[in-house]
Every structure is written in C-alpha cells, then in structure tokens.
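Some notes on the structure that comes next.
Residue numbers (my numbering), protein chains in the order written: chain Z, 154 to 384; chain D, 154 to 384.
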C-alpha cells in the first residue's frame, strides 16, 4: 500500500486541487509514490477543526497503509478564518489569538498521539490583500470594512510559528514569504506553498528519492524482455 | 470515511494531476465528498496491467471505506501503449489487438469480482498527432517513423468500445471526441476527459448531488450559533 500525506485545513486547502493548486502539484510530484489526501474545510477555524478532528481522522484505520493507517505527513493549515476581525461581518469565524494558539497545540497533540511517527507540518495564514477583500466580500458588508486585515493575519502567523517552536514541528511562514499574495492564492502563491511543503518534507527525510516507486518505471523495463520486470 | 474513485491507467492517468489535468479537476470537483486516488503507470499496456492488478488492488482493504474497501468507481484507461506499432521503436509496448480486447475483458472481470458494486468506466486511447510524435520521440528513432499512428489508435479505441458493450459498462470514446488533440492531452483535452468522466458517473447516479458532503458547509453554519453545527 502506498503511504499517504493528508492536507488538513480551510478553504486554502479545500481549493488546493484547483488549476495550478498546491495540493494537485503535490499529488503530481508524488504521482508514483504517495497518495495525497484532501481534507480541506472551507471557512473552518481551529475551534471548529477541533470539534471535528475525531470524525475526520477516526482511530481505526488498519489496513489503510502504515501503522494504524498513519500517514507519513500531514499539513495543518488554519488561521486565516480565526483571524477574521471580531467586529466585522465574518465575526462568527473569529477565534481569539490565545485560543487559536491553544487550539493549534491541541491539534498537534491529537496527531502526535494518534500517529507518533507522522510528520506534522504547520502552515501560517497567508497575508491579506485588504483592497481585494473589499472588492469581493462573501457576505453583506454594510460597514464597508474588510473582514480581515493583513496586520491581524500577521499576529496569527506569528502565533502559529510560536506553537510550532513550542511543539518542535516544522512551520511554513507563508505570511512573511508571500506579502505580495493574499488569502486565496494566485498561481505563484500556490507554487510557493508547494515548494515550501516539499522543502519541509525533504528536511524530514521524505522526498522522491526516499519514497519507494510503486511498480517498475518504464525506464527500468527491459525492452527485450519486458515481462521479466513483473515476475 | 469518504468514498473513493480510483484512476487506473497509463501515463495519461499518471500525468492527470499536472496543471489543468483531468485527475486534479476530478479531485477538485469532489473536494468535499470523494477521494480521487491515482494509480497511473506511465508506459504500461494491458498485458503489464494484468500482471500487476493484484498488487495494485489487493483483496484486503477492510476499514478503507465501502464494502471491502470498494471504491464507488474506477476509470480504466489503457490502450495508447498497446497500440504502439509492432515494427517501430516502441514495439516492446505493443500488444496485438485481439489480446488487448481479451486483457481489457480480464481487467473488467477482475474489478467486478473484487468490487461487485463499483462502477467501472472504460476510456479509449486518444488520437495520435503523428507529426508531434516525430518531433518528440522518447527513444532513439533510427527509422524516422512515428511509433504510433492515429489509425492504429482508432482500431484499439473501437476494440475498447466493443469490450465495454460486451461487458455492459460505460465507455468514453476519446479517440472520436478528440481528433484535434493527441496522446498527451492539452488543457482542452484534459477538460474533455474531465467532463466525460463526470457525465458517465452522473449516468450511474454518482454526482455532487448524490454524494454526502463531509462535514457542514460554511453556508449551512448558523452565524449566530456556529457550534450548533458540530454537536
């Protein structure tokens, strides 16, 4: 059975198989070695994520590859919704900064207990393009104010980095790396996330070179006796 | 656990998560309802596929969703390599037409026995752009002749359609639908495959409307009491 990588997060994960998306790029990169499994939930914050963790990742996954169905890695990518401002139209998605940190800790602990050998990679919320948010609100916006700000997203990004350091897990600081992108990623933004995930996995020893190719590659099949490869 | 759709085939399947690819589009389409699992093996023909079937799809997949891990559907997309001409440089991939038909029959029978309720969708080989094949050979080509022809691909496509009719399973006739594309699909070719797969699945009752969304959608969460959705 092939190893798996789970992608767990909000809309930036749910949308990651759209054209040029970072999830699809990962699946393509590992097309013969690892299954990339999408668990993205648009609009979700860490408070809601905590409520659904045991449903999304039930304990009994025997026979599903690895120890108790353990994936080799999981990306945890929440915070963009937690960082919605508490006095704007998306306030119902807001989670206070301190609770966000506690929730992230709980999520990391959950995975460490469920899958002790799995690499957990945190990803910070991306920057916010406030003008774009005003142009494309996703609900009535009578105040005419952006429901998110880049500054608030930055606070949550720094909190995410702090949690990663406290837990000793790798973190991708998208907020800093992508000050020219915003919330829903552009093609180049998706490219950054893909490259960063590949890089963090490589740091943990997980790469194309370290994963076993599923069945012989065409280049390794002897043209004079192809069936020899399948005995 | 989410239902699954397997994509089983050659390079046109293995590459289906590249930018704009039909596999990624399927995964994106079903992002909250179905896992799309890639089992593409570049260069493989039906003879080699038959040799590896039991390795790729082992019998015991309990706990992996569905009856004995049965996916809701599987696409079977071989023939482009079988149709390589027997007297050109890719002759080692060639499979005679009659054997191709028999092999496809055996593959369909294998899945019907393993997963009686799974929808098997056959896909014919696509057309061949012979000029492009000459411009981009993938091995030494001392004869200077295309290793595949559109005419031969058409014979294999018609054989695939005949097998589908004999087995009573749906088939996507890519060869006829895509006379302006060739072997490795363009963006619009990928779009055609995606739309055709969606359409055949819909004919079998499998669509976004018929599949259960994994966890509440943001639009269904009450902004005045979000946690109510997670009790």
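Don't be surprised by glycine CBs; every beta carbon is placed ideally from N, CA and C.
Counted within 10 angstroms of its Cβ, other Cβ atoms place residue i as buried (16 or more) or exposed
{"i": "residue 332 (chain D)", "result": "exposed"}
{"i": "residue 366 (chain D)", "result": "exposed"}
{"i": "residue 272 (chain Z)", "result": "buried"}
{"i": "residue 291 (chain Z)", "result": "exposed"}
{"i": "residue 289 (chain Z)", "result": "exposed"}
{"i": "residue 280 (chain D)", "result": "buried"}
{"i": "residue 355 (chain Z)", "result": "exposed"}
{"i": "residue 377 (chain D)", "result": "exposed"}
{"i": "residue 218 (chain Z)", "result": "Residue confidence for residue 218 (chain Z) is low, a pLDDT of 40 falling below 50, so the modelled location carries little weight; the figure read from the coordinates is stated next. The residue is buried, with at least 16 neighbouring Cβ atoms inside 10 Å."}
{"i": "residue 278 (chain Z)", "result": "buried"}
{"i": "residue 246 (chain D)", "result": "buried"}
{"i": "residue 300 (chain D)", "result": "buried"}
{"i": "residue 259 (chain D)", "result": "exposed"}
{"i": "residue 199 (chain Z)", "result": "buried"}
{"i": "residue 305 (chain D)", "result": "buried"}
{"i": "residue 178 (chain Z)", "result": "buried"}
{"i": "residue 244 (chain Z)", "result": "exposed"}
{"i": "residue 157 (chain Z)", "result": "buried"}
{"i": "residue 321 (chain D)", "result": "exposed"}
{"i": "residue 380 (chain Z)", "result": "exposed"}
{"i": "residue 285 (chain Z)", "result": "exposed"}
{"i": "residue 296 (chain D)", "result": "exposed"}
{"i": "residue 371 (chain D)", "result": "buried"}
Residue i, enclosing alpha helix (DSSP H) - first and last residue
{"i": "residue 192 (chain D)", "result": "Looking at the DSSP string, residue 192 (chain D) is not in any alpha helix (DSSP H); the run it does join, the beta strand (DSSP E), is 188 to 193."}
{"i": "residue 314 (chain Z)", "result": "303 to 320"}
{"i": "residue 276 (chain D)", "result": "Segment 272 to 276 is the beta strand (DSSP E) holding residue 276 (chain D); no alpha helix (DSSP H) there."}
{"i": "residue 199 (chain D)", "result": "199 to 209"}
{"i": "residue 104 (chain Z)", "result": "Summary: the structure shown does not reach residue 104 (chain Z), with chain Z confined to residues 154 through 384, and so no result is reported for it."}
{"i": "residue 170 (chain Z)", "result": "Residue 170 (chain Z) -> no alpha helix (DSSP H), and no H or E assigned at all."}
{"i": "residue 252 (chain Z)", "result": "250 to 267"}
{"i": "residue 342 (chain Z)", "result": "340 to 356"}
{"i": "residue 212 (chain Z)", "result": "Looking at the DSSP string, residue 212 (chain Z) is not in any alpha helix (DSSP H), and its letter there is neither H nor E."}
{"i": "residue 283 (chain D)", "result": "283 to 288"}
Chain-order list of residues whose beta-carbon lies under 8 Å from that of residue i (same chain, five-residue window excluded)
{"i": "residue 382 (chain D)", "result": "369, 373, 374, 375"}
{"i": "residue 361 (chain D)", "result": "182, 183, 186"}
{"i": "residue 201 (chain D)", "result": "194"}
{"i": "residue 173 (chain D)", "result": "340, 343, 344"}
{"i": "residue 155 (chain Z)", "result": "186, 187, 188, 218, 367"}
{"i": "residue 337 (chain D)", "result": "164, 165, 168"}
Limits of the beta strand (DSSP E) - the one that residue i falls within
{"i": "residue 159 (chain Z)", "result": "157 to 162"}
Which residues DSSP lists as bridging residue i, in chain order
{"i": "residue 325 (chain Z)", "result": "Z:276"}
{"i": "residue 228 (chain Z)", "result": "Z:160, Z:274"}
Other residues of its chain near residue i: CB distance less than 7 Å, five sequence neighbours each side excluded
{"i": "residue 359 (chain Z)", "result": "225, 226, 272"}
{"i": "residue 194 (chain D)", "result": "163, 167"}
{"i": "residue 293 (chain D)", "result": "242"}
{"i": "residue 298 (chain D)", "result": "241"}
{"i": "residue 302 (chain Z)", "result": "238, 281, 283"}
{"i": "residue 314 (chain D)", "result": "277, 324, 326"}
{"i": "residue 203 (chain D)", "result": "256, 259, 260"}
{"i": "residue 216 (chain Z)", "result": "Residue confidence for residue 216 (chain Z) is low, a pLDDT of 45 falling below 50, so the modelled location carries little weight; the figure read from the coordinates is stated next. None."}
{"i": "residue 308 (chain Z)", "result": "250"}
Cβ shell of residue i (< 6 Å), same chain only, five flanking positions each side left out
{"i": "residue 145 (chain Z)", "result": "Summary: the structure shown does not reach residue 145 (chain Z), with chain Z confined to residues 154 through 384, and so no result is reported for it."}
{"i": "residue 349 (chain Z)", "result": "325"}
{"i": "residue 263 (chain Z)", "result": "206"}
{"i": "residue 254 (chain D)", "result": "312, 316"}
{"i": "residue 346 (chain Z)", "result": "175"}
{"i": "residue 342 (chain Z)", "result": "331, 334"}
{"i": "residue 310 (chain Z)", "result": "277, 278, 328"}
{"i": "residue 180 (chain D)", "result": "189"}
{"i": "residue 357 (chain Z)", "result": "272"}
{"i": "residue 159 (chain Z)", "result": "190, 192, 224, 227"}
{"i": "residue 220 (chain Z)", "result": "Its pLDDT being 41, under 50, residue 220 (chain Z) is placed unreliably in this model, and the value from its coordinates should be taken loosely. Result list for residue 220 (chain Z): empty, nothing under 6 Å."}
{"i": "residue 197 (chain D)", "result": "163"}
{"i": "residue 318 (chain D)", "result": "none"}
{"i": "residue 209 (chain Z)", "result": "192"}
The ligand SAM heavy atom lying under 8 Å from the CB of residue i
{"i": "residue 328 (chain D)", "result": "Ligands are entirely absent from the displayed structure, and the ligand SAM is therefore not among its contents."}
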